[in-house]
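*Asks:* Numbering (my numbering), first residue to last: 212 to 368. Sending over a structure as structure tokens; questions will come in a sec.
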């Protein structure tokens, strides 16, 4: 993974671990149109231990699944929604794997403070609902933090 921008590799990791805004994933449809989708994500260590990857969960029948099966290249962004803005964007490759036990989804329900007992969680965790894990392997990441130049425009929690 190639790291660019004003944030170090460890600062980028911190942003991704601490930010619970959804990841925005851009891909192409089979008709070669651009498509953007927001998904919950979690940071996962890669098998080599040096890098990380991003994992999302979605329904096996979601449009983005068929789009990514046809063309696996993606762009992505995770950024704060309130000033001063900061975030991480990049590009990479996505893979799709079945998640019959909904392990990724369960982890995301906890990460986004929904829990597994809410009405939303019960709906998503229905036994008959097929779930997949979308794993994004970043090739290039770019981190930024505009706190210095935005100064008094807002406060970071």
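We treat Cβ as the ideally placed atom computed from N, Cα and C, and that holds for glycine. What you are looking at is a predicted structure, and each value in this text was computed from that prediction instead of being measured.
When DSSP labels each residue in this structure, what does residue 280 get in the three-state scheme?
*Replies:* It is helical.
*Asks:* From residue 345 to residue 307, what distance separates their C-alpha atoms?
*Replies:* The alpha-carbon atoms of residue 345 and residue 307 are separated by roughly 5 Å.
*Asks:* Please tell me whether residue 298 and residue 226 are closer than 8 Å, where the distance is taken between their beta carbons.
*Replies:* Taking 8 Å as the Cβ cut-off, residue 298 and residue 226 qualify as a contacting pair.
*Asks:* Tell me whether the beta-carbon of residue 216 lies closer than 8 Å to the beta-carbon of residue 357.
*Replies:* Not a contact, by the Cβ cut-off of 8 Å.
*Asks:* Using alpha carbons as the reference points, say which of 305, 324 and 340 lies closest to residue 349.
*Replies:* It is 305.
*Asks:* Quick check: does the Cβ of residue 315 come within less than 7 Å of any heavy atom belonging to the ligand HEM?
*Replies:* Absence of the ligand HEM is noted for the structure shown, with no ligands found whatsoever.
*Asks:* Spell out the partners DSSP gives residue 335 in its beta bridges.
*Replies:* DSSP, once it has assigned bridges, lists no residue as partnering residue 335.
*Asks:* Just checking, does the region 224-244 make contact with the region 289-296 on the three C-beta pairs under 8 Å criterion?
*Replies:* The region 224-244 is in contact with the region 289-296.
*Asks:* Here's the rule I'm using: 16 or more other beta-carbon atoms within 10 Å means buried, otherwise exposed. How should residue 335 be labelled?
*Replies:* Buried: at least 16 other Cβ atoms inside 10 Å.
*Asks:* Strictly by DSSP, which residues pair up with residue 263?
*Replies:* BP columns for residue 263 point to 256.
*Asks:* Taking residue 319 and residue 332 to be in contact with their CB atoms under 8 Å, please state how far apart those CB atoms are, rounded to whole angstroms.
*Replies:* Going by Cβ atoms, the distance from residue 319 to residue 332 rounds to 10 Å, so no, they are not a contact pair.
*Asks:* Buried or exposed for residue 245, please, with buried defined as at least 16 other CB atoms from any protein chain shown within 10 angstroms of its CB.
*Replies:* Residue 245 is exposed by the Cβ-count criterion.
*Asks:* How many angstroms separate the CA atom of residue 254 from the CA atom of residue 295?
*Replies:* Each residue's alpha carbon lies about 23 Å from the other.
*Asks:* If contacts are defined as beta-carbon pairs under 8 Å, then residue 268 and residue 316 qualify, I think. What distance do you get, rounded to the angstrom?
*Replies:* Contact flag correct, Cβ pair sits at about 4 Å.
*Asks:* Within the continuous beta strand (DSSP E) that includes residue 346, where are the two ends?
*Replies:* Segment 342-356, the beta strand (DSSP E) holding residue 346.
*Asks:* Within the continuous alpha helix (DSSP H) that includes residue 321, where are the two ends?
*Replies:* Taken as a continuous stretch (DSSP letters only), the alpha helix (DSSP H) holding residue 321 covers 314-322.
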